[in-house]
Structure formats: structure tokens, C-alpha cells
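Notes to accompany the following structure.
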Amino acid sequence: MDYQPRTDDIAALLFGVLDAPQQLGALPAHADTDGALMRQIIDEGGRFVAERIAPLQRTGDETGCRFEAGQVQSPPGFRDAYQAYWQAGWPALACAPEHGGQGLPLVMEAVLYEMLSAANHGWTMAPGLLHGAYDCLRHHASAELRERYLPRVASGEWLATMCLTESHAGSDLGLVRTRATPQADGSYRVAGTKIFISGGEHDLTDNIVHLVLARLPDAPAGPKGLSLVLVPKVLPDGRRNTVVCERIEEKMGLHGSPTCVMRFDDACGWLIGEPQRGLAAMFVMMNAARLHVALQGVGLLEAAWQKADAYAQERRQMRAPRTDGSAGAGPDPIALHPAMRRILDTQRAWIDGGRVLAYHTALELDIAQSHPDTARRDAAQRWCALVTPVLKTACTHQAFHGASECLQVFGGHGYVREWGIEQIVRDSRVAMIYEGTNEIQAIDLLVRKVLPDGAAALCALLDTMAQEPPRQSRGFTAMHQRLARLRALAQDVVAACHRDGTLAYWIADDFLRAVAIAWLDWAWEQIAAAPASGGERWTAPAQALQSWVLPEFDMRHAIITQRMGRAAQATGTHDVR
Ligand SMILES: Cc1cc2nc3c(=O)[nH]c(=O)nc-3n(C[C@H](O)[C@H](O)[C@H](O)COP(=O)(O)OP(=O)(O)OC[C@H]3O[C@@H](n4cnc5c(N)ncnc54)[C@H](O)[C@@H]3O)c2cc1C
Numbered sequence: 000m001d002y003q004p005r006t007d008d009i010a011a012l013l014f015g016v017l018d019a020p021q022q023l024g025a026l027p028a029h030a031d032t033d034g035a036l037m038r039q040i041i042d043e044g045g046r047f048v049a050e051r052i053a054p055l056q057r058t059g060d061e062t063g064c065r066f067e068a069g070q071v072q073s074p075p076g077f078r079d080a081y082q083a084y085w086q087a088g089w090p091a092l093a094c095a096p097e098h099g100g101q102g103l104p105l106v107m108e109a110v111l112y113e114m115l116s117a118a119n120h121g122w123t124m125a126p127g128l129l130h131g132a133y134d135c136l137r138h139h140a141s142a143e144l145r146e147r148y149l150p151r152v153a154s155g156e157w158l159a160t161m162c163l164t165e166s167h168a169g170s171d172l173g174l175v176r177t178r179a180t181p182q183a184d185g186s187y188r189v190a191g192t193k194i195f196i197s198g199g200e201h202d203l204t205d206n207i208v209h210l211v212l213a214r215l216p217d218a219p220a221g222p223k224g225l226s227l228v229l230v231p232k233v234l235p236d237g238r239r240n241t242v243v244c245e246r247i248e249e250k251m252g253l254h255g256s257p258t259c260v261m262r263f264d265d266a267c268g269w270l271i272g273e274p275q276r277g278l279a280a281m282f283v284m285m286n287a288a289r290l291h292v293a294l295q296g297v298g299l300l301e302a303a304w305q306k307a308d309a310y311a312q313e314r315r316q317m318r319a320p321r322t323d324g325s326a327g328a329g330p331d332p333i334a335l336h337p338a339m340r341r342i343l344d345t346q347r348a349w350i351d352g353g354r355v356l357a358y359h360t361a362l363e364l365d366i367a368q369s370h371p372d373t374a375r376r377d378a379a380q381r382w383c384a385l386v387t388p389v390l391k392t393a394c395t396h397q398a399f400h401g402a403s404e405c406l407q408v409f410g411g412h413g414y415v416r417e418w419g420i421e422q423i424v425r426d427s428r429v430a431m432i433y434e435g436t437n438e439i440q441a442i443d444l445l446v447r448k449v450l451p452d453g454a455a456a457l458c459a460l461l462d463t464m465a466q467e468p469p470r471q472s473r474g475f476t477a478m479h480q481r482l483a484r485l486r487a488l489a490q491d492v493v494a495a496c497h498r499d500g501t502l503a504y505w506i507a508d509d510f511l512r513a514v515a516i517a518w519l520d521w522a523w524e525q526i527a528a529a530p531a532s533g534g535e536r537w538t539a540p541a542q543a544l545q546s547w548v549l550p551e552f553d554m555r556h557a558i559i560t561q562r563m564g565r566a567a568q569a570t571g572t573h574d575v576r
């Protein structure tokens, strides 16, 4: 069974819960984007994904990418599907009209990207970096570079890569050694080897635009000495640049995406932005990419859930217990066994709650870009800065662990290839690793975003969440209390980390999880509060959230408190709540 986009669910959350058309109506750039247009895009995108992309998922895995004499051959059907994709204008959805785009909001691209990732993670890696590359060029490249590359990156006629990682420089990009040497004509010669480059070489497009982190001569050591250089596969005069794909990796999953070792042999390139401001330029791309990776997580879990749910309705084993104690004839569908219901409903709690948070963040990105009020734009930026690392980490963690739970629903049939669930488990694992590992995201949240301002921005965001129109329900009161406990915990953590320089690194993962669970609860309260959401559809996942997800908050709280207590004992000072 191929993944089928559940466009009604997506629309219910986007319109019924998040009120997206009204929020976008406040932005002059999107004043014309009404609900009808958005629904049409969701439906057409869903149709394209179901008809053209989902059917290639299995061949992408089984045939995979082939490497011969420096060339990468994509799995059968991938090139045709990509050509159809860009010619239909999908990559340009949220690019500016002056660059040939359709000028639609980023939230529409987020929805499309979730559906693509669910349908075929391997294929979707190819266009996955396009919008980030577009933003990076748009904001940082010279007028000449923009004129030459922006329209073709915006349209997707040429694909782009992000060349950061080297064999000795992964999480620590300050160790990058690739060099860029200025030439008399204003160009640069780039020399070095990058590894793990997604789509470094392929046959989907005629040209590939590599964005390469490199060090100029005499640049200081560390991350501050890095510059960003655009290195095309094919030069403007039509000659092939000296960029060589040495090999592609044999991987656990994601076989439809070539992961390349790229050698730059004094390749010709041009600087993007200021010298030694490469990381700042690249971060534009990486932040967009991180939200996309969170959406990959949501999409992959949805795909795994769809398979498991369909199987659980069909497969019959033993008698399921009845609440009234009566014995049915049996064997019953395994979907009726509480152990299986627990697995299925818990994943839905993560999928729909994760969706609300991810779409909300995409809307905040739209607001950050074009709201007329500066204070509102700043608030949106703060939301994105805090929520993006949490979403990337929580959604990708759940995609892998939840997909593995969905495999359990198949019993032994999940472990063999026939049903395709094992592919999702293998494919989804990487999302916890790339775009900054989940451990690095947790450190980013606590050490770079919470501690420096004494948790002020986080507390302000929690206060905003707590101000939602109050409702008389047990769930709402409990959510309120949880947000208040998180607020107090954040302040304790700040104080404790000031006393002990290593503490933040010990508790960063638990802190991020506590934040993620509290926000997932908040997302579900948004669903509960929406006027049209009273349907049965949301009842079981909302109960699963209460029973099997929210208790983790207390566990994380206890772990952090215990760790702070130990640190306090060691320094002989602290009294924690
Ligand atoms: C399929 C795939 C596609 C990829 N695509 C791209 C791409 O297109 N472009 C690109 O540039 N790169 C890409 N990467 C590389 C990816 O971004 C890196 O693998 C990732 O950043 C981690 O680097 P590393 O593998 O060197 O691990 P390391 O940095 O060596 O980390 C190893 C472990 O140590 C942990 N760790 C490291 N430092 C710390 C710390 N300070 N605190 C706590 N824990 C720490 C990490 O979390 C990890 O668990 C890809 C990787 C894969 C597998």
C-alpha cells in the first residue's frame, strides 16, 4: 500500500485549528491567499504526490542509486518525476514572483514537503535543499550571482547542495579545511574534499549548484574563519567544473538519495556574502532545512501509521477483550487489541500535534518575513528560533521510534520486506543525525537560546501559550500547570547552570524533551479548542496523549531536578524546587 495524503486532516488543522487564511490575511504579501486557493494547492499537491512520487518509493529503495565512472544514475522513474515536478512549478511555490516564483506562503511549501517526504523520503532529498539555497542566494549573493543562479534555483531547473561536512569535521564545522583562494578575475579556486553530500552528483538536472563552506587564505581558525562559495557543476561557459564525485555511500536506508564524497580540484567558484561570514549565510539555509527535517519526521510517521493502521484492520488474531466482559467469537482484528490501539493512537498524537506545531512555525516564518509590524515580526522570529530545534529533534525521534512501533503491529510480517514498513524504519533513522544531530539541537536550545538571556525568551513564549483563551476543562488546567512548571524549571536550570559549567550539557536532552512534551500538549489543546474539531477523529489520539505521552514530562522533570540536586551537592550551594 502506497502512502495516501490525508488532505482533509491537513486542511482541518490548517484552517480549523490554526486559522491560517486569517493569519496570512494580515500580511500584505499574502492578502490574496484565501482558504479556497490554499485548499486547491493542498489537493493538487496531494494528487501529484500520490500519482507521481509515492509509486517510486519501493524501486528507489530496492534499485537505489548506481555509481559508475563518476556518474550517478538515479533509480528508474526518478528523473522523469523530478522533471515533471519542477516543470509543474512546485519548487517555486513559495519563491518571490520577481524570481519566477508564485509568491505563496511558506506554510504551503511546508505542507507539500511533508506529503513528499511521507511518500518518498529518498526522492524528496533532491529538492529538499532548494528553498534554503534560494533564500541563501537571495539574501547574501551578489547581484551578478543572483542574476545568474537565482531564477534557476527558484524554479528547480537546477538543484542545489549544501557542502559542509568533511571527514574530520561533522558537528564541529570549525574544523573545516577546504580552502578557497581568490583569483585576479574575482573568482575563487576551491580545493578540498567534502563527505556525505546529499545529491552531490545525479542525473536529475543538467547543472548542480554547490554551496561550499571553505576557508580563505589567512582566515582565523574555527567557525568564524569560514566563508561560503558557490561552485557550479557546469560553468557559465558550458565547460564542466573540476568537481568530482569520488563515490557514493552504501547506507542503512535512503537508497534513493545519493550520499556523495565530493572532491573539489581547484574548482572555480564565487563568494556568497562577506568573507568569513559563511556560517551566517549558511544558517539561513540550515534553519529552513531544519523545519523541513521536522516535517520529514511528521510525514514519515504518518506513512508508517497508515501502513500499520491498514494492516491492523485486516489482520485477525485471538479474541479482543470487551469492556462488558463478554466473549466475542474471534479471532478479532488486531486493531481491537488494546496493546495495538495504544501503539496506533500514540503515533497519531505525535503526528497531529507535531503537525500543528510545524505548520504554526511555518506560519510564523511567513509572519517573520512580511508582517507590517516590527514587534510582531520579532516575536515570530523568536518563536522560530526556539521552536525549530525542538521540533527537529522531537519529530525525528518519534519518526524512527514510532515507525519501529508501527513495525511491531505487523509482527514477523513487519520484519520482512513485503509490507514496506521496515524501509520506513531504515529511512527515518538518518533524520535524527543530519542537519545537526539531535544532541546538537538540544545544546542549541539550552546553551545558545535559553541560558544567555536567563530563559527570558522561553518564558515569554510560555506566557504567550498560557494566555490562550482559557477553557473550562481538566486538560486545559493541566496544560496550564505544566507550562507553569516548565517556566519554573527553566529558571532553576538557568541558576544551576551558572554554578556548574558542565550541567547544561548533561541535561540538555532531557530539557528539550520536557519542552517538546509541554508544547505537544499545547498543540492538542489548540485542536480541542477549535470549533470544528469535536469529531471522533481526534478523541482516541487525545486520550493516548494523556495516557502515554504526557507522563514523560514528569519523568524528564524528575531527571533534571535530580541532576541539579547532584550538582548542587557537589558545589555545596543549591536548593532546588
Ligand atoms: C544520509 C546523510 C546525508 C547527509 N547529507 C549532508 C549534506 O547534504 N551536506 C552536509 O554537509 N552533510 C550531510 N550529512 C552529514 C551530517 O550532517 C553529519 O553526519 C552530522 O552533522 C554529524 O556529523 P558526524 O557524522 O561527523 O558526527 P560527529 O560530529 O562526529 O558526532 C558523533 C556523535 O557525537 C555527538 N556529538 C558531537 N559533538 C557533540 C557535542 N558537542 N555535544 C554532544 N554530543 C556531540 C553527535 O551528536 C553524534 O551523536 C549527511 C549525513 C548523512 C548520514
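Numbered by numbering that gives the first Met the number 0, the letters in the sequence shown go through residues 0 to 576 in order. Where a beta carbon is used, it is the ideal one built from N, C-alpha and C, also for glycine. Keep in mind it's a predicted model, so treat the numbers as computed, not measured.
For Arg239, there is no enclosing beta strand (DSSP E), as DSSP gives it neither H nor E. Buried is the label assigned to Val492, since at least 16 other Cβ atoms lie within 10 Å of its Cβ. For Ala430, the number of other beta carbons within 10 angstroms of its own is at least 16, and it is reported as buried.
In this structure the stretch 315-329 does not lie against the stretch 459-470, because fewer than three pairs of beta carbons, one per stretch, are closer than 8 angstroms. Cβ neighbours of Gly327 within its own chain (closer than 8 angstroms, five residues either side excluded): Arg318, Ala319, Arg321. The three-state reading of DSSP puts Lys250 in coil, since its state is none of H, G, I, E or B. For Tyr84, the uninterrupted alpha helix (DSSP H) run begins and ends at 77-86, by DSSP. Contact annotation: Leu482 and His556 have beta-carbon atoms that are not nearer than 8 angstroms. Contact check between the stretch 155-173 and the stretch 297-314: fewer than three CB pairs, one atom from each, fall below 8 angstroms, which does not count as touching. According to DSSP, residue pairing for Leu158 in a beta bridge involves Ile207. Counting along the chain, Arg38 sits inside no beta strand (DSSP E); it lies in the alpha helix (DSSP H) bounded by residues 34-47.
If you look at Ile271, you'll find it in the beta strand (DSSP E) that goes 258-271.
In this structure, Tyr433 has its beta carbon less than 7 angstroms from a heavy atom of ligand 1. Ala357 is the residue among Pro371, Ser197, Ala357 whose C-alpha sits nearest the C-alpha of Gln295. Inclusion of Thr164 and Ile207 in the CB contact set at 8 angstroms is not warranted, their separation being larger than that value. Annotation: Asn119 to Leu55 spans about 7 angstroms, alpha carbon to alpha carbon.
An exposed status is given to Gly237, since fewer than 16 other beta-carbon atoms sit within 10 Å of its beta-carbon. Taking His139 as reference, the option from Glu108, Cys496, Leu278 with the minimal CA-CA separation is Leu278. One alpha carbon belongs to Ala49, the other to Tyr148, and they sit about 31 angstroms apart. CA-to-CA, the gap between Gln568 and Arg562 works out to about 10 angstroms. Excluding five sequence positions before and after Gln182, the CB atoms of its chain that fall closer than 7 angstroms to its own CB belong to Arg188, given in chain order. Going by DSSP, Arg447 is part of no alpha helix (DSSP H) at all; its letter is neither H nor E.
Around the CB of Gln86, fewer than 16 other CB atoms lie within 10 Å, so the residue is classed as exposed. Residue pairing by DSSP places Cys394 in no beta bridge whatsoever. Judged by DSSP in its simplified three-state form, Ala218 adopts coil rather than helix or strand. Inter-residue distance for Thr373 and Arg137 is about 21 angstroms (C-alpha atoms, whole angstroms). Secondary-structure assignment with DSSP links Tyr187 through a beta bridge to Pro181, Gly268. Comparing C-alpha distances from Ala117 to each of Ala179, Arg5, Phe66 shows the shortest one belongs to Arg5. Residue nearest to Arg416 within the set Glu61, Ala19, Gln490 is Glu61 (criterion: CA-CA distance). Burial state of Lys223 is exposed, judged by a 10 Å Cβ sphere holding fewer than 16 other Cβ atoms. With distances taken between CA atoms, Arg178 lies nearest to Leu215 out of His98, Leu215, Ile420, Val292. Our two residues, Ala95 and Gly121, have alpha carbons roughly 27 angstroms apart in a direct line.
Lys193 is bridged by DSSP to Met261.
Arg470 and Ala528 do touch by the CB rule: their CB atoms are close to 6 angstroms apart, below 8 angstroms.
Look at Val493: its beta carbon is at least 7 angstroms from all of the heavy atoms in ligand 1. Counting C-beta pairs closer than 8 angstroms gives fewer than three between the stretch 330-344 and the stretch 359-376, which falls short of the contact rule.
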